[in-house]
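This report refers to the structure that appears directly beneath it.
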Amino acid sequence: MTRYWLPALATASATALGMGAALAAETPDLSDPPPIEGETLEDAGSHTIRVGLGLAETSPLYISTEHFGEILSERTDGRIKVEVFPNSQLGDDAQMMEMLQTGSLDMTIPSTSPATTYVPELAVFDLPFLIPDRDAAVAVLQSDVALDLLDEFEGSGIKALAYHENGFRQLTNSEKAVASPDDIEGLTIRTMENPVQLSIWETLGASPTAMAFGEVFSAMEQGVIDGQENPFSTILTSNFHEVQDHASETRHVYTPFIIMMSERTWDTLDPSYQELVQEAAEQAAEYEIQLASEYDDWSREQLEEHGMEVTRLDEDQIAAFQDAVQPVYDEWEDEIGAELIEEIQAIVDDSADE
Ligand code: KDG
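Heads up: the sequence shown at position 16 corresponds to 21 in this note's numbering, and the numbers run straight through without jumps.
Spelled out as structure tokens, the structure:
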């Protein structure tokens, strides 16, 4: 087990970026990364790969991306180096994907939600309460149906390598404890840049506004918005509890991340290196999903220790939210594709039977 401590320098840069005065300094006890196996590749040139992330240094995403770098470095005798830039330093998800297209950035790991600009069917992940638990999530992410969506990036200038977990999204706000859909009425909620996400919160009676992740902390601090929604690990590692008193365990959406590379960078790599990058992305994804699971309950407890009121919802309360957002399915079914939605639902049902 390993505990990661946050470097002082990173705290300073995060503060400058408006991510909160001090980042959470600690992580839970985390599994060590799996041993790096496989031969060292023959010399096929040297590369430095820059990866931009929206999340902080203590996030499962950052830690697994460091592991991705270690795999590449070790298997190429240091000839491939990976530099990771957290906290939206290089841009937000949408901007960083554009940078991949132009080749001004090598890699990023955005949520699927803003990536629907490139592959509209990814909006299936934005549908509320589609994925009920982590077993179902992992089954979906490993399915051919989901993996085929990664191939759809072909021709966009982006090479999509693998899914990572972001986690179940939970609502936070600065106004009141939310236990039922009625409590949402009138709240101004930040959503990811995605029309289905906006539709969820409109349907629930909120005033949603789409915003890049890097702007969320300041918007909440300045009272521009009342709340936002993200997994507990992100709420904690981005210090949202400093500006939000209430959280509700709504688990309303499970949108994964996609680890992606600029096609321009990809094309500069020798085929042996390309194969290694693909392998390392999949190994890092597996490690990240493990870390994300270790963060879940721990993050919620830490938030409570930091004084946040976390409202847990029982099955009936969750069902009330589920009923309230049904119109979102009616609105988006044709656009996303009824067949795709059914395929994902079938994978979810099968995972429950196992
Ligand atoms: O690196 C990923 C983040 O930029 C972002 O996708 C986090 O879930 C997120 C959000 O709410 O924007």
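From the three backbone atoms N, C-alpha and C, an ideal C-beta is built for every residue, glycine too.
Only a predicted model underlies this, so the values are computations on that prediction, with no experimental measurement involved.
_Of the listed residues 31, 137 and 61, nearest to residue 258 (C-alpha basis)_ = If we check each option's Cα against that of residue 258, 137 comes out closest.
*Any idea if residue 227 is buried or exposed, counting beta-carbon neighbours within 10 angstroms, 16 or more meaning buried?*
When all chains shown are included, residue 227 counts as exposed.
_I'd like to confirm something about residue 85: is its beta-carbon nearer than 7 Å to some heavy atom of the ligand KDG, or not?_
Checking every heavy atom of the ligand KDG against the Cβ of residue 85, none is found closer than 7 Å.
_Local conformation of residue 67 per DSSP, three classes_ = Here residue 67 sits in helix by DSSP.
*Classification of residue 317 by the beta-carbon crowding that lies within 10 angstroms, buried from 16 upward*: Its Cβ having fewer than 16 others within 10 Å, residue 317 is exposed.
*For residue 248, which residues from the same chain have a beta carbon less than 6 Å from its beta carbon, with the 5 sequence-adjacent residues on both sides left out?*
In its chain, beyond the 5 residues on either side, 225 and 226 have a beta carbon closer than 6 Å to the beta carbon of residue 248.
*Give me the Cα-Cα distance between residue 325 and residue 219, rounded to the nearest whole angstrom.*
Rounded to the nearest whole angstrom, the CA to CA distance from residue 325 to residue 219 is 32 Å.
_Is residue 197 a contact residue of the ligand KDG, with contact defined as CB to any heavy atom under 7 Å?_
For the ligand KDG, at least one heavy atom lies less than 7 Å from the Cβ of residue 197.
*Say whether the stretch 183-201 touches the stretch 286-294, bearing in mind that this needs 3 or more beta-carbon pairs closer than 8 Å, one atom from each stretch.*
Of all C-beta pairs linking the stretch 183-201 to the stretch 286-294, fewer than three are shorter than 8 Å, placing the two stretches out of contact.
*Would residue 128 be called buried (16 or more neighbouring beta carbons within 10 Å of its own) or exposed?*
Buried.
*Distance cut-off 7 Å: residue 115 Cβ against heavy atoms of the ligand KDG*: Residue 115 has its Cβ nearer than 7 Å to a heavy atom of the ligand KDG.
*Should residue 98 be listed as close to the ligand KDG, given that the test is whether its C-beta is under 7 Å from any heavy atom?*
Because some heavy atom of the ligand KDG lies under 7 Å away, the Cβ of residue 98 counts as near it: yes.
*Under the rule that 16 or more other beta-carbon atoms within 10 Å means buried, what is residue 311, buried or exposed?*
Its Cβ having fewer than 16 others within 10 Å, residue 311 is exposed.
*For residue 62, write down the residues that DSSP places opposite it in a beta bridge.*
Per DSSP, residue 62 has no beta bridge partner at all.
*Would you kindly work out how many angstroms separate the C-alpha atoms of residue 202 and residue 345, rounded to a whole number?*
For residue 202 and residue 345, the distance between alpha carbons rounds to 18 Å.
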